[in-house]
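Trainee: Protein chains in written order, with the working numbering: chain W, 1 to 404; chain R, 405 to 804.
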Amino acid sequence: MTPPPRSALVRSLITAAEGVRRDLRAAFGPAFGHRVPVFSARDGHAWPAAPPSLTPRTLVVKALTRPTPDAVVITLADPSGAPLRAFPGQFFTLHVPVGGERLRRAYSVCSEAWGEVADVSLCVKRVQGGRVSGQLVDQLAEGARLDVHGPSGDYGLRPEAPAPSQLLLLSGGSGITPHLAMIRAALRHLPQTTLTLVYGSRRPSHALFIEELRALAAAHPDRLHLRLFVDDDAGEPWAGERGQLTEDRLVEVLGGHGALGDAAAWIGVCGPEGLTAGALQALARLDVSAARVHVERFTAGARPVTSDAPGLRLPQPVTLRRGAATWTFTAQPGKTLLESAVAAGVSLPWSCGMGGCGACKVRRVSGDVVLQEPSCLSGDERAAGDTLTCVGYAAGALTLELRP
Amino acid sequence: MLPVAKRPDLSTSMQTQLDAWGEAAGVLGQIRDPKVLASLGPAGVRGLVLRRGKQGVPTPIPASHSAHFDWSYPHDNPEMAELYRRAKRGQWDGDDLPWGTFVDPVSPEVRLLPDDFMAWDVLSRAGVKLDKKERRELLADTSCWLLSQFLHGEQGALFAAAQVTEAVQFFDGKLYGSTQVMDEARHVEVFLRYLESKLGKLYQINDNLYVIIDALMADARWDMKFLGMQIMVEGLALGAFGMMYQVSEEPLLRSLLKNVIQDEARHVHYGVVALREHITKELSESERAEREAWAFEVALLMRNRFMVYEIFDEHFEGLMSRATWREVVKQSPGLDRFRAVMFSRLLPNLREIGLLSDKIRPAYEEAGLGRYFTGLAADQLTGDGMIEELEAGRGAVLVG
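#1: Hey, W:V295 and W:V253: beta-carbon distance below 7 Å or not?
#2: Determine the burial state of R:V702: buried for a count of at least 16 other Cβ atoms within 10 Å of its Cβ, exposed for fewer.
#3: Find the nearest neighbour of R:M633 within the set R:A771, R:L441, R:V568, R:F716, judged by alpha-carbon distance.
#4: First and last residue of the alpha helix (DSSP H) that includes W:Q135?
#5: Reducing DSSP to helix, strand and coil, say where W:E112 ends up.
#6: To the nearest angstrom, how far is the alpha carbon of W:P51 from that of W:R363?
#7: Can you pull the chain W neighbours of R:R680, defined as C-beta to C-beta under 9 Å?
#8: Quick check on DSSP: helix, strand or coil for W:E101?
#9: With R:P438 as the anchor, note down where its beta strand (DSSP E) starts and where it stops.
#10: Taking 8 Å as the limit between beta carbons, can you name the residues of its chain near W:H95, skipping five residues before and five after?
#11: Comparing the C-beta of R:M405 with each C-beta of chain W, is any distance below 7 Å?
#12: Tell me the start and end of each unbroken alpha helix (DSSP H) in the segment 689–722 of chain R that is at least 4 residues and wholly inside, in chain order.
#13: For W:G334, which three-state DSSP category applies?
#14: Check the Cβ of W:D147 against every Cβ in chain R and list those closer than 8 Å, keeping chain order.
#15: Taking the beta carbon of R:K763 as the centre, do at least 16 other beta carbons fall within 10 Å, making it buried, or is it exposed?
#16: Any idea which residues DSSP pairs R:K605 with across the strands?
#17: Mark R:I609 as exposed unless 16 or more other C-beta atoms lie within 10 angstroms of its C-beta, in which case mark it buried.
#18: W:A46 versus chain R: which residues are under 8 Å apart at the beta carbon?
#19: Looking only at its chain, what residues have a beta carbon closer than 6 Å to the beta carbon of R:Y614, apart from the 5 residues adjacent to it on each side?
#20: Counting only the same chain and skipping the five closest in sequence on each side, list residues whose C-beta sits under 8 Å from that of R:V453.
#21: Could you check whether the segment 305–321 of chain W touches the segment 274–286 of chain W, counting it as contact only if at least three pairs of C-beta atoms, one from each stretch, sit closer than 8 Å?
#22: Let me check understanding here. Comparing Cα to Cα, which of R:S601, R:L679, R:F575 lies closest to R:A782?
#23: Going along chain R, which residues have a C-beta under 7 Å from W:S40?
#24: Could you tell me which residues DSSP pairs with W:I267 in its beta bridges?
#25: Are any of the Cβ atoms in chain W nearer than 7 Å to that of R:G504?
#26: Are the segment 540–556 of chain R and the segment 593–608 of chain R touching by the rule of at least three beta carbon pairs closer than 8 Å?
#27: Could one say the Cβ of R:V453 lies closer than 7 Å to chain W's Cβ atoms, at least one of them?
#28: In three-state terms, what does DSSP make of W:T15?
#29: In chain order, what residues of the same chain have a beta carbon less than 7 Å from the beta carbon of R:T728, not counting five sequence neighbours either side?
#30: Using a Cβ-Cβ distance cut-off of 7 Å, determine whether W:D78 contacts chain R.
#31: Which ranges would you report for the alpha helix (DSSP H) in the segment 643–692 of chain R if only whole runs of at least 4 residues count?
#32: Are the segment 380–396 of chain W and the segment 322–340 of chain W in contact at 8 Å, needing three or more beta carbon pairs?
#33: Return the CA-CA distance between R:F473 and R:E483, expressed in angstroms with no decimal places.
#34: Could you compute how far the alpha carbon of W:L280 sits from the alpha carbon of W:S201?
#35: Taking only three categories from DSSP, how would you classify W:P69?
#36: Would you tell me roughly how many angstroms separate the C-alpha atoms of R:L562 and R:T463, rounded to the nearest one?
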């Protein structure tokens with residue numbers, strides 16, 4: 001039983017007595033060694049996150065595992081022990097020094113991430129002739145420090161979005177990594193969602209995370225359905241299906257799947273260009289509109305600009321507009337638009353810093369921009385005049401429009 | 405690593421406490437005018453003895469002024485109406501500052517405060533020898549202490565501006581006052597954001613600053629609030645902001661201070677316009693003399709008593725006495741410059757509103773402040789002019 005409320009008089013007497021007690025303690029306590037802390041620690045979480053500067057942050061390699069001879073899973077953590085914040089489907093941009101150059105490459109998170117986590121795991125698969133992937137697979141050691149940007153990208157699942165009724169994920173090769181993170185997160189955090197993974201690899205020894213996937217499917221037999229393919233078993237043991245995931249094969253595999261006609265389903269494609277193109281065609285043939293399909297493209301490292309436009313060698317005036325507001329800065333030769341803006345104290349949105357996520361996308365109103373390629377801009381975006389500040393250089397006086 | 409003060413033994417505690425009480429008695433004992441003592445005394449006891457600002461709970465400070473309503477809406481002061489127009493146009497958004505700037509409080513390249521800010525020789529004579537890195541750490545803490553006091557001062561200014569807006573009898577002044585309330589809220593916002601997101605630390609309010617704020621919040625007379633807030637505390641703020649603007653190399657802090665200084669310049673201007681009228685035309689000579697003496701005492705409190713004891717408590721208690729620490733602070737070139745900027749703003753304003761008569765001048769001269777009697781008052785200085793003046797003095801040697 002709760003006691004009856006005290007009368008106003010009693011309450012004011014109690015307040016007064018507490019005040020006197022505090023006054024006496026504050027007046028005489030210090031003489032007997034009682035000290036109040038002279039400051040309080042503050043962490044700034046209440047303020048909107050400031051756009052990060054171009055300086056990467058440093059993470060430390062906590063663990064390394066090698067799921068196949070040609071891949072490495074790198075577990076990264078903040079050296080101070082502070083948590084990281086990432087969502088399934090996002091990627092980090094690693095800055096890797098190779099022969100005197102700092103090359104940037106994006107790698108998706110494959111560990112479960114649903115906001116704050118103690119660490120993240122990225123999967124790196126060796127690319128034929130790849131300088132960065134080769135060095136990471138062969139030479140990285142535990143305890144090493146890596147400079148990173150990110151996490152970046154809006155592909156994948158987010159806690160604030162409505163939970164999809166089902167996930168239909170089409171992966172090829174190392175395109176499995178963002179999907180593995182999504183499967184792990186959905187199984188734990190989206191209990192109503194059912195999942196289908198269609199995953200194609202060239203050979204059994206190239207297929208990543210097969211044991212983990214089978215273990216997850218065994219633990220959730222009624223929720224996770226796996227369709228695992230290899231182009232050719234090459235004589236290696238393989239318990240899955242065989243045959244390359246071409247457009248025709250995908251029509252056959254996906255035909256009749258419940259997600260196709262379900263507006264609350266989430267359909268995602270991540271893999272090499274050939275598989276992505278085939279999957280989009282196949283889904284179109286199955287009457288799934290392109291707008292419903294989420295695509296995560298691999299972005300290879302952008303190559304240095306080779307254009308010899310004379311304007312690239314001169315400082316160029318840049319005007320930025322957002323609604324009625326305008327800012328101006330000078331683009332310096334040899335610096336990206338983003339680097340010049342930051343150096344001039346103009347903050348612009350950006351994330352991966354390598355043309356891979358589109359966070360820095362702006363609309364070109366007038367003037368020429370030369371981009372490092374390849375980048376994540378689609379043909380439609382290019383036609384509409386979109387460009388990227390993190391890999392863009394001014395080849396003349398520019399006017400750019402920021403998204404509202 | 406900087407030393408961290410340990411929990412002191414009983415004799416150190418007693419010594420520290422006796423020194424603090426001695427100082428409180430000194431502050432109150434030196435006030436000669438009984439009316440001033442009556443006004444500052446109770447606030448002094450609450451701040452210096454009961455340490456109301458440091459009890460770790462919110463502090464209620466009762467107010468006893470009347471809100472002045474006027475149903476005829478007179479256009480009674482064109483100068484204030486002009487200030488109101490300027491203030492509306494001078495509004496800015498704290499979010500537009502370059503918050504993306506990376507701030508390393510101990511960076512030796514982009515220094516929050518210059519290396520010669522502190523009296524290192526006095527510290528080392530007291531047996532505390534700091535290497536380069538420890539000096540940067542102490543300067544980072546000192547910057548943080550200063551900015552924390554700015555923030556606490558702005559909270560006082562926010563509430564005082566609201567009270568003054570209620571109490572003042574000029575209708576144009578009320579409209580202007582509302583912009584000042586907004587200005588002060590924005591100053592609270594940007595200082596708090598800087599402390600929380602860049603420095604990671606917030607120091608408690610200094611006891612002497614608490615006394616001033618308490619005294620003018622509790623005073624029922626609107627012109628005392630005005631004098632306290634618009635002339636004295638804003639003058640203190642302009643001195644402190646101006647000093648920091650001149651010496652700091654950190655670009656975000658400098659652009660923050662630049663915007664704040666331009667607002668403050670309007671505030672002091674308003675104080676001068678409102679009080680000149682009131683003090684020279686409406687008050688009796690004895691009332692005027694009381695305010696003159698009050699302003700003198702508060703000026704001394706501001707000059708002599710900001711001893712940065714919170715930093716002493718954090719790092720040096722037990723390593724040196726409070727008296728030695730006071731020497732460190734008094735001989736610090738940076739704080740010397742702060743006092744110079746503050747009084748060069750404050751005294752011309754007091755002169756302009758009629759609170760620097762021949763009766764009080766000898767007292768200021770005795771305190772070594774005679775050189776600041778001339779100079780431009782706030783109604784002749786714009787915010788831009790003030791920034792230009794600070795920029796011009798930027799390269800000058802610290803010791804003035």
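From the three backbone atoms N, C-alpha and C, an ideal C-beta is built for every residue, glycine too. None of the values given here were measured: they were computed from a predicted structure.
Mentor: To lay it out plainly:
#1: no
#2: buried
#3: R:V568
#4: 131–139
#5: coil
#6: Below a pLDDT of 50, predicted positions are generally treated as unreliable, and W:P51, at 46, falls in that range; the measurement from the model is reported next regardless. Cα to Cα, the separation comes out at about 20 Å.
#7: By Cβ distance, chain W contributes nothing, its closest Cβ being about 40 Å from R:R680, past 9 Å.
#8: strand
#9: No beta strand (DSSP E) holds R:P438; the alpha helix (DSSP H) holding it covers 438–448.
#10: P56, R102, L103, R104, L146, D147, V148, H149
#11: no
#12: 689–708
#13: coil
#14: Going along chain R, no residue has its Cβ under 8 Å from W:D147, so there is no contact; the nearest lies around 15 Å.
#15: exposed
#16: W:A41
#17: buried
#18: E600
#19: G451, G457
#20: W425, A428
#21: no
#22: R:L679
#23: L606
#24: W:L168, W:V293
#25: yes
#26: yes
#27: yes
#28: helix
#29: A530
#30: no
#31: 655–685
#32: yes
#33: 21 Å
#34: 18 Å
#35: coil
#36: 15 Å
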